[in-house]
Amino acid sequence: MIGIDTNVVVRLLLRDDEAMFQRAAALIGRTSPDDPLLVNVVVVAESLWVLERKAGVDRTTARSTLAGLLESEELRVLDTNPFRHWADTLASGHRDYSDLVISQINLEAGCDFTYTLDAPAAKAVPGMRLLT
Numbered sequence: 002m003i004g005i006d007t008n009v010v011v012r013l014l015l016r017d018d019e020a021m022f023q024r025a026a027a028l029i030g031r032t033s034p035d036d037p038l039l040v041n042v043v044v045v046a047e048s049l050w051v052l053e054r055k056a057g058v059d060r061t062t063a064r065s066t067l068a069g070l071l072e073s074e075e076l077r078v079l080d081t082n083p084f085r086h087w088a089d090t091l092a093s094g095h096r097d098y099s100d101l102v103i104s105q106i107n108l109e110a111g112c113d114f115t116y117t118l119d120a121p122a123a124k125a126v127p128g129m130r131l132l133t
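In structure tokens:
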């Protein structure tokens with residue numbers, strides 16, 4: 002199983018960066034319902050925040066658009082929060098705490114790694130890899 006980060010979901014929904022959209026869409030295209038990509042609850046929350054607050058999408062549209070994507074057979078939403086190592090996560094110096102939480106949730110859920118389009122996170126966060 003492989004997880005995906007917020008920026009992958011947001012690029013799929015906003016298509017505001019064509020190169021990143023193509024990379025994200027290609028990932029979905031090569032994913033099967035038998036081995037779906039994991040979207041954890043933090044990714045869901047962050048995606049809504051970006052859609053509503055940064056992109057200016059109204060709440061109803063943001064929620065229905067995200068729900069439509071999450072209903073895809075290629076995605077699985079994690080419905081629990083299996084945290085065990087909060088002390089390590091909180092002690093990290095990485096600039097974006099949510100990246101650490103996303104990666105940790107996905108690792109705890111059995112993911113080998115989490116794809117991200119955020120190059121600094123891919124370098125600094127254990128369990129994240131840059132989607133190229």
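By the count of our numbering, the sequence shown reaches residue 133 at its end, each step adding exactly one. Glycine included, every Cβ here is placed at the ideal spot set by N, Cα and C. It should be emphasised that the depicted structure is a prediction, and the values quoted were computed from it without experimental measurement.
- Distance between Thr32 and Ile103, taken at the CA atoms: about 20 Å.
- Under the three-state reduction of DSSP, Arg130 is assigned to strand.
- Secondary structure at Leu38: strand, using DSSP grouped into helix, strand and coil.
- For Thr115, the three-state secondary structure derived from DSSP is strand.
- Residue range Ile3 to Ile5 is occupied by the beta strand (DSSP E) that includes Gly4.
- Under DSSP, Val78 takes part in a beta bridge, and its partners are Val40.
- Contact between Leu132 and Val9 holds: their C-beta atoms lie close to 7 Å from each other, under 8 Å.
- Setting aside the 5 residues that flank it on each side, Val126 is surrounded in the same chain by His95, Asp100, Leu101 and Ser104, each with a C-beta closer than 7 Å to its C-beta; the list follows chain order.
- Within the segment 49 to 75, no complete beta strand (DSSP E) segment of 3 residues or longer occurs.
- Straight-line measurement puts the Cα of Thr61 at about 31 Å from the Cα of Met129.
- Residues Leu49, Leu52 and Glu53 of the same chain have their beta carbon placed closer than 7 Å to that of Ala63, with the five preceding and five following residues left out of the count.
- Only residues of its own chain outside the window of five on either side were considered, and among them Phe22, Ala25, Ala26, Ile29 and Leu70 have a CB closer than 8 Å to the CB of Leu13, listed in chain order.
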